[in-house]
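Chemist: Got a structure here, written out as structure tokens. Questions coming.
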Amino acid sequence: MHAGQAQTIDKDDDVATSIATATACSGPNCPKCEQGMLWSDFSGPPYDPTYGWGCVHVETCKNWKGNCGAYRWHCSQCPEDLCRKCSVSVPAPAGAGLSGAGAA
């Protein structure tokens with residue numbers, strides 16, 4: 008990059024990275040299997056390509072990919088998903104982290 012040249016930043020990626028970094032040691036347990044969840048944008052099967060993920064508490068919080076974006080706390084074993092808002096009431100497992108976060 009040359010002096011005086013502006014850098015292009017993808018705001019959504021920057022925000023997701025900041026959230027993931029800030030919460031690296033505080034991922035919640037999956038409400039179904041108790042495994043540590045990862046901050047992820049996974050969108051493969053079994054997710055509907057149009058609607059994507061929905062929080063396990065969607066009936067009360069109303070959060071899903073359409074109003075929260077692609078990133079959420081995700082359990083790759085179940086799969087279950089928690090929005091950031093609902094994840095604060097779920098305990099974090101010891102040593103929770105983000106290995107593989109954002110990987111498809």
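Just so we're aligned, residue 8 is where the sequence shown starts under my numbering, counting upward by one.
Positions of the beta carbon are idealized from the N, C-alpha and C atoms, including for glycine.
(1) What do you reckon, are the CB atoms on A45 and C90 nearer than 9 Å?
(2) Determine the DSSP secondary structure at E66, reduced to helix, strand or coil.
(3) For P56 and N36, what's the separation of their Cα atoms in angstroms?
(4) Helix or strand or just coil, what does DSSP make of C85?
(5) Beta carbon of A77, beta carbon of S50: below 9 Å?
Modeler: Per the coordinate set shown:
(1) The sequence shown places Leu at residue 45, rather than the Ala named in the question. In this structure, C90 does not lie closer than 9 Å to L45 by Cβ.
(2) helix
(3) 26 Å
(4) coil
(5) yes
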